Structures are given as C-alpha cells and as structure tokens.
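*Asks:* Counting along the sequence shown from 1, when you hit position 160 you're at 647 in my numbering, and nothing is skipped either side.
Glycine is no exception: its CB is placed at the ideal position from the N, C-alpha and C atoms.
Treat the numbers as computed from the prediction; the structure is a model and nothing was measured.
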Amino acid sequence: MKKNLLSRFVVSCLFTLLALTALAQTPPAPGSLAELQQRLREQVTQPRFAAAVFGVKVVSLDTGKTLFENDASKLLSPASNCKLYTMAMVLDKLGGDYRIKTSLYSTVKPDKRGNLKSDLMVYGRGDPGFNLKAGEGDIFRTLQPLVAALTKAGVRRISGDLIGDESFIVGSPYGSGWVWDDLNYYYGAEISALTLNDNTLEVSAKPGAKIGDPCQLSVAPATGYIVFSNRTQTVAAKSRRDLNFYRPLGQNIIYVTGQMPLDQTNHTTDVTMSKPAALFIELFKTALMRNGIKVTGKTRTVNWLDRQGQPFDSSKLIELGAVESETMRELNKAVQKPSQNLYTDLMLAHVGALERETQLAGIQTRNPNPPEETVVGTMSAEDYGIRELENFVKKVGIAPGNFWFEEGSGLSRANLVTPQATIALLEFMSKHAEAQSYYDALPIAGKDGTLRNRLKGTRAEGNVHAKTGTLRWASSTSGYVTTAAGEKLAFCLMLNRYSAPSAEFSARAELDKVIVLLADFAGRSDQ
C-alpha cells in the first residue's frame, strides 16, 4: 500500500515538473505593441511558409489603428470567408427581420365543399427551412405548416395537378466555379428555389446477415426518388470498412461499392440528389394525403427554362396561403456556424432574383412591348446577386481590385479577396444596424460551429467570434477578438498554397498561433 502511494507521489511530481518545464518554455504574453508585432512577424515569416502566401491584417476597433499586416494587399482565396461578405450584404439589403415566403397558388378558390378545381402550385423562393431538423427527424412534420396553410384556405380535395415551381431562381443549379467532384458531397448540393432537407438524403449502411451478403442500404427521408446499385459485400469481423458512394451528375442512382465488417454498426453518409424540387412535391403530396386531402392529378415541376415560354404572373393567380422562413438573423446563424454552402448561395440567389424582377419590371414599364430576349434577360439570379454584392462592397469602401467573387459560399476556387478588404468589411459591420446579430452568428472559439474544437484552453476560448474557411490549398479565419487588456480587434488571416510539413504545423494550427497571440496581448494599440 505504501509502495503504491509512493509511486503515485513520484508520478504526480513528475507530471508537475513536466508542466512547469512546459510553462517555462512557453514565451510570456506580448506586453507591448512592438513585442506583439515582432512575435507576429516571426510567426508569419517562418521558412516553412516560403512557398506560401500568408496574408494577415489586424486592426483595433477601439482606436482604428493597424496593429499588424503582412501581404494584406494580396488577392487570396478566402474559401468560406466568402460567407462573411454574402450574408453581410443580405442583412444590409433585406434587414434582419426579413423572411422568405413560400406560396400556395391556384387559379380559383376552393368551392364550398373544399374542392379545388384547378392545379395547385407550390411556389418556392429559396427558403432552406424545409428539412429534417425543423421536423425533429420527421419530414412530414416539416411540411405540416404548408399543409396547415392549405387547410386554413378550406381545401379538402385537389382536382388538378400538384406543381412544384422553382422558377424564381434563374440559372444553373450549381454555383459558378464549382468543380464536378464536389457535387457528390453535401457541401455541393444543388441550388433550388424549392429546397428539401438541404437537398441531400442520408444513406445508411449495415452489414448483411452473413459474410458474402450485400450490405443493407436505406435512405432518410424514406423515398423511392433515388435508387441504389448495391455492389457491396459483408466481410469478416474486425476487417476494414471501405464504402464508396457515387451518384453520376444529373441522375438519382447511387452506386455503392466496397465492404463492411460483420461486427460493425450502422454507417451513415449524406449524398446529394438531382432535381430536389421533384422530391419536394412528391413528399408534399404524401403529406396532403396523410392529412386527408386527396390529389387526383399528377405531380410535376416547373423551372426557369419552362417559364421562358410561359412567364410566371402572380397577378393572375390566387394565393391560398403561404409559409415564411425564419428571420434573416436566424438564417445567418444557420449559415455561419456550420459554414452552410447551400443556404449562402440560396440567400445570394434570392437577393439576385428580387433584383432581377425589379430590373425586368422597369424594362417592361419603359417599353410595354420589348423584344422577347430583353424581357427574359440573359443574367441569372446568381449574376444579379453578385452585382448586388459588388455594389455593397463599394458601400463598405473597399477599393477596386480588392474583391473578385463569382459565387457566394466560397466553394469556387476562383473567388479572390485581400485581407485588407475583409478587415474593411469587419469594421463596417461592427458599426452596422445588424452589428450584434452579425457578431452573434459567427462561430465561437472552443464552443460552437466550425470553431468548437479549436483554441480550447487558451484565452481565445469563448472570446473569439470568427468565420473559418477551408479548401485544399486555402485556409482562412477572420473575425473579432478581445485582447487581455480588453481592446477589441478585427483580424483576417489567410494562408494559401501552404503544404504543412506535419500535423503539428497544419494550416489551422498556424492560424491558431496568431489568434492566441492576439488574445494574449496585454498591451494596447494606443500606447
């Protein structure tokens, strides 16, 4: 017993000694601006960054003084730092209280018996809220508000077709500059004005009953909209799991290959689907029937190409009901915290579609009988959204040549921006009417979102609010930090074309070293 206690005492002393040694080796927090600048300069000019570009800019929100910059005027790939710009523009243009409406249209009202003797159109405008999370795992609960809106209008039977109209968003279902091999993954889901469950489906795989059997595959929400080509095999226990899910572009066949050990539990992955509006309207029909509303017609969809021959005109329709999204403040959180690409591009397209409608209405007012190509227009909703984003950047005061975006989420490798531009944006939004909601939507270091596992145990934990961004050769983190002395700073860190020599020196770790220095800074910029 005494020997055991002695051993524990020795081990305890050893750990204490190691901790004290590590503490002694850790440089003290920078106490002056000159010391902070020196430490930052040493960090960003390490030899391992020789072939990379490390863009940095740090500004005091209290004094307006630039504390540090390195390659701050270089155009770099921001990755998902693009979301800082897109959602700032959306909040500025639409306001934090704005909601996106999904409408139920018909050409007539239901008769006294509740029979709707016409088609029923579900007209989407990009609300991303029809997902399993909103329905607590039940997709029909998610669709229930739309059903309730129709029931409130007195509809008990639909004699015509059920139409899913996604024509509000004009253009490709993919963002400009996206690469084809991103489109199988959840972060490359199709953009549609009628979005369902983030335009993805959750595929589950379980081992078969015995070795040699194919794996058991299922999908949620449950649907026959996609089909499996199951080319998997169950293998012996303790073997390696190796499954691959592939969906050819434009198809809803998922080829599943590989193996799964007999002793493994359920494996899940999210896969994208083609033409999500079609699944939306199919499941909505099922939701109606589950609520006793019979639909005798077919289900079909209408997109922007269909509308070129038969333009949408709400003045000739009756809105039987509508459902509104969460506020733009809440949607901004849903974008920034998890870094949600689809929602960002939907918001950009929504703004663009509104502007497109305004512009085309103006053309028709000036010329009641313009050429058809003028009425239809050649610019997509994304094009108009990018134009609005460029106008917003000018409002922020970002100088020309510091900003080049072609889509809103950052999935495009062709989006470019300078660190000094991002600092200008962060400064502008810190004084904006939506400053608090903008700040609150950002991931918090060590707490939530894409920063939940970063900067734990440092002064940055619970302090830093920042947006991350990651592509293969681009890593960014930009946002706000309060120093040890209580000074509020805005920072932008962009590390491009960096090949890490080891996990210890990963791009993320290098950015975090800079952030910790800023959080630990005990001096002030005005001293």
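Using C-beta distances below 6 angstroms, list every residue in its chain close to Val706, excluding the 5 sequence neighbours before and after it, in chain order.
*Replies:* Closer than 6 angstroms at the Cβ level, and outside the excluded window around Val706, lie Leu688 and Val690.
*Asks:* For Leu681, which residues from the same chain have a beta carbon less than 6 angstroms from its beta carbon, with the 5 sequence-adjacent residues on both sides left out?
*Replies:* Cβ neighbours of Leu681 beyond the five flanking positions: Gly611, Gly651, Glu653, Ala764 and Phe767.
*Asks:* Is it buried or exposed for Met815, if we count other Cβ within 10 angstroms and need 16 for buried?
*Replies:* Classification for Met815: buried.
*Asks:* Along the chain, which unbroken stretches of the alpha helix (DSSP H) at least 4 residues long are found entirely within the segment 673–717?
*Replies:* With a minimum length of 4 residues, no continuous alpha helix (DSSP H) run stays inside the segment 673–717.
*Asks:* Less than 8 angstroms separating the beta-carbons of Phe771 and Leu633?
*Replies:* It is a contact, given that the beta carbons lie within the stated cut-off.
*Asks:* DSSP puts Ser962 in a beta bridge; with which residues?
*Replies:* DSSP, once it has assigned bridges, lists Thr957 and Leu982 as partnering Ser962.
*Asks:* Check the DSSP bridge columns for Gln746 and list the partner residues they point to.
*Replies:* Beta-bridge pairing links Gln746 to Gln720 and Asp729.
*Asks:* Enumerate in chain order the residues of its own chain whose CB-to-CB distance from Ile780 is below 8 angstroms, with the five nearest sequence positions on each side excluded.
*Replies:* Contacts found: Val634, Leu637, Thr638, Val642, Arg643, Arg644 and Ile645.
*Asks:* Determine the closest residue to Leu548 out of Tyr925, Ser917 and Thr955, with distance taken between C-alpha atoms.
*Replies:* Per the Cα distances, Ser917.
*Asks:* Does Trp891 pass the burial test, meaning 16 or more other C-beta atoms within 10 Å, or should it be called exposed?
*Replies:* Trp891 should be labelled exposed.
*Asks:* Just list the alpha helix (DSSP H) runs in the segment 775–830, keeping only unbroken ones of 4 residues or longer that don't cross its boundaries, in chain order.
*Replies:* With a minimum length of 4 residues, the continuous alpha helix (DSSP H) runs that stay inside the segment 775–830 are 791–794 and 815–823.
*Asks:* Leaving out five residues before and five after Ser924 in sequence, what residues of the same chain have Cβ atoms less than 6 angstroms from its Cβ?
*Replies:* Excluding sequence neighbours, Ser924 sits near Gly583 and Arg816.
*Asks:* Can you check DSSP and say which residues form a bridge with Trp474?
*Replies:* The shown model of the chain, from 488 to 1014, leaves out residue 474, and the question about it has no answer.
*Asks:* Can you grab the Cα-Cα spacing for the pair Arg995 / Ser963, in whole Å?
*Replies:* The alpha-carbon atoms of Arg995 and Ser963 are separated by roughly 8 angstroms.
*Asks:* How close, in whole Å, do the beta carbons of Val904 and Leu562 come, if the pair is a contact with beta carbons under 8 angstroms?
*Replies:* Contact flag correct, Cβ pair sits at about 7 angstroms.
*Asks:* Taking the beta carbon of Ile910 as the centre, do at least 16 other beta carbons fall within 10 Å, making it buried, or is it exposed?
*Replies:* Classification of Ile910: buried, given that the 10 Å Cβ count is 16 or more.
*Asks:* Pull up the distance between the alpha-carbon of Ala901 and that of Leu775, whole angstroms please.
*Replies:* Roughly 44 angstroms separates the two Cα atoms.
*Asks:* Whose C-beta lies closer than 7 angstroms to the C-beta of Arg777 among residues of the same chain, with five residues either side of it excluded?
*Replies:* Only Phe627 meet the Cβ criterion.
*Asks:* With burial defined as no fewer than 16 other Cβ atoms inside 10 Å of the residue's Cβ, what is the status of Gly1010: buried or exposed?
*Replies:* Under this definition Gly1010 is a buried residue.
*Asks:* Return the Cβ separation of Leu1004 and Arg526 in integer angstroms, given the expectation that the two are a contact with Cβ distance under 8 angstroms.
*Replies:* The Cβ separation is near 6 angstroms, so the contact holds.
*Asks:* When DSSP labels each residue in this structure, what does Val595 get in the three-state scheme?
*Replies:* Coil, per DSSP.
*Asks:* May I ask you to list the residues that DSSP assigns as paired with Val540?
*Replies:* Answer is Asn983, bridged to Val540.
*Asks:* Roughly how far, in whole angstroms, is the beta-carbon of Ile1050 from the beta-carbon of Ala836, given that I think they are within contact range, below 8 angstroms?
*Replies:* This structure does not reach residue 1050, given that the chain is present from 488 up to 1014, and the question cannot be answered.
*Asks:* Going by C-alpha distance, which of Val789, Ala539, Thr719 and Gly518 is nearest Asp606?
*Replies:* Nearest C-alpha to Asp606: Val789.
*Asks:* Could you check what DSSP says for Leu607 in three-state terms: helix, strand or coil?
*Replies:* Leu607 falls in the strand class under three-state DSSP.
*Asks:* Where DSSP assigns a beta bridge to Glu1037, which residues make up the other side?
*Replies:* Residue numbering for the chain in the displayed model covers 488 to 1014; residue 1037 lies beyond these limits and cannot be assessed.
*Asks:* Leaving out five residues before and five after Gly518 in sequence, what residues of the same chain have Cβ atoms less than 7 angstroms from its Cβ?
*Replies:* Same-chain partners within the cutoff: Ala1009 and Gly1010.
*Asks:* Taking 8 angstroms as the threshold (beta carbon to beta carbon), is Ala868 in contact with chain C?
*Replies:* Of the protein chains in the structure, only one exists, and it is not chain C.
*Asks:* Check whether the Cβ atoms of Leu976 and His952 sit closer than 8 angstroms, and answer yes or no.
*Replies:* No, they are not a contact pair.
*Asks:* For Met608, I'd like the list of residues in its chain whose CB is within less than 6 angstroms of its CB, leaving aside the five on either flank, ordered along the chain.
*Replies:* Cβ within range, chain order: Tyr592, Ile650 and Asp652.
*Asks:* Is the beta carbon of Glu875 less than 8 angstroms from the beta carbon of Gly897?
*Replies:* It is not a contact, given that the beta carbons lie outside the stated cut-off.
*Asks:* Work out the CA separation of Lys803 and His754 for me, nearest whole Å.
*Replies:* If you take the alpha carbons of His754 and Lys803, they lie about 49 angstroms apart.
*Asks:* DSSP three-state label for Ser567, please.
*Replies:* In the structure shown, Ser567 sits in a helix (DSSP, three-state: H, G or I).
*Asks:* Ala692: which of Leu730, Gln524, Ala676 and Gly675 sits nearest, CA to CA?
*Replies:* Ala692 has its Cα closest to that of Leu730, out of Leu730, Gln524, Ala676 and Gly675.
*Asks:* According to the neighbour-count rule (16 or more other Cβ atoms, all chains shown, within 10 Å of its Cβ), is Tyr661 buried or exposed?
*Replies:* By the neighbour-count rule (16 or more Cβ atoms within 10 Å), Tyr661 is buried.
*Asks:* Have a look at Asp700, Tyr672, Arg728 and Val758 and flag the residue whose alpha-carbon is nearest the alpha-carbon of Pro708.
*Replies:* Nearest C-alpha to Pro708: Val758.
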